[in-house]
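Chains A and B, in that order, give the protein sequences. Using our numbering, the first residue of the first sequence is number -5, and each one after it goes up by one. Using our numbering, the first residue of the second sequence is number 160, and each one after it goes up by one. Where is the CB? At the ideal position from N, CA and C, for every residue including glycine. Only one structure is covered here, and it is reproduced in the block below.
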Amino acid sequence: AQSVAQPEDQVNVAEGNPLTVKCTYSVSGNPYLFWYVQYPNRGLQFLLKYITGDNLVKGSYGFEAEFNKSQTSFHLKKPSALVSDSALYFCAVREGVSGTYKYIFGTGTRLKVLA
Amino acid sequence: KAGVTQTPRYLIKTRGQQVTLSCSPISGHRSVSWYQQTPGQGLQFLFEYFSETQRNKGNFPGRFSGRQFSNSRSEMNVSTLELGDSALYLCASSLGLGDGYYEQYFGPGTRLTVT
């Protein structure tokens, strides 16, 4: 079965500094990887996805993610953090075959950006 | 376009009761998935519906059930509620289940509290 792991429950970073939220995956075949963000009292919002192609994927709100096949990682990054980036971040992988896909989510990483 | 809507937003029930949650997907989206989110377990996949048929199911007891209507609206039902069912229930919609349909769009969730 496919799975993703987010090794950090919480990441603290100062405003203006670069941020990284880590995700590693375990899949058979080609991975389809996603990042979502959840703000308080809200549902999840799609940030970006890796399906194929360039290893550096750019997404919403200035976020990007780097796919590394040899390290089976898909870390989320942003060059300069904002206080408003403080939220819960989820990595996810799609598993299954066409017509029966489902998404497996990591346990989430809480990002706190300090002013 | 209107986003995914879920009703009600908040619900308080007593152990042993049953509850029905509703989800209206984005117009044109035919796939609806349900997730349970708890602080300890993260997001757990419940089931997915496409064209009124359940296409995939997670590892939840039979007390959890769902259905989808011809207009793609979906409901989930939990019977004989237990304290452990207290959670945020998220609905997500996407265009379909084929290889070209990737992102899921989440509603704000229904916060269920079982006392």
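Worksheet item: Residues bridged to Asn6(A) by DSSP?
Response: Position 12 of the first sequence, counted from the start, is the residue given in the question as residue 6(A). Per DSSP, Lys106(A).
Worksheet item: Would you say Leu240(B) and Val273(B) are within 7 angstroms of each other, going by their C-beta atoms?
Response: One-based indexing of the second sequence puts residue 240(B) at position 81. One-based indexing of the second sequence puts residue 273(B) at position 114. Yes, they are a contact pair.
Practice prompt. Would you please verify whether the beta carbon of Glu211(B) is less than 7 angstroms from any beta carbon of chain A?
Written response: As a first step, residue 211(B) must be located in the second sequence, where it is residue number 52. So, not an interface residue.
Discussion item. Measuring only the C-alpha atoms, how far is Asn215(B) from Gly187(B)?
Written reply: Translated into positions along the second sequence, residue 215(B) becomes position 56. Translated into positions along the second sequence, residue 187(B) becomes position 28. Cα-Cα distance, rounded: 20 angstroms.
Item to complete: Please confirm whether Arg104(A) and Leu82(A) have their CB atoms less than 7 angstroms apart.
Response: Counting from one through the first sequence, the residue named residue 104(A) turns up at place 110. Counting from one through the first sequence, the residue named residue 82(A) turns up at place 88. The answer is yes: Cβ separation under 7 angstroms.
Item to complete: Provide the residue(s) that pair with Tyr30(A) in DSSP beta bridges, ordered along the chain.
Response: The count along the first sequence starts at 1 and reaches residue 30(A) at position 36. Per DSSP, Phe40(A) and Phe84(A).
Worksheet entry | Assigned exposure category for Tyr169(B) - 16 Cβ within 10 Å defines buried | In the second sequence, residue 169(B) corresponds to position 10, counting from 1. Result: exposed.
Discussion item. Taking 8 angstroms as the cut-off, does the region 180 to 200 of chain B touch the region 224 to 235 of chain B (at least 3 CB pairs, one atom from each stretch)?
Written reply: yes
Worksheet item: Alpha carbon to alpha carbon, what distance is there between Thr18(A) and Ala(-1)(A)?
Response: Against the first sequence, residue -1(A) aligns to sequence position 5. Against the first sequence, residue 18(A) aligns to sequence position 24. The alpha-carbon atoms of Ala(-1)(A) and Thr18(A) are separated by roughly 5 angstroms.
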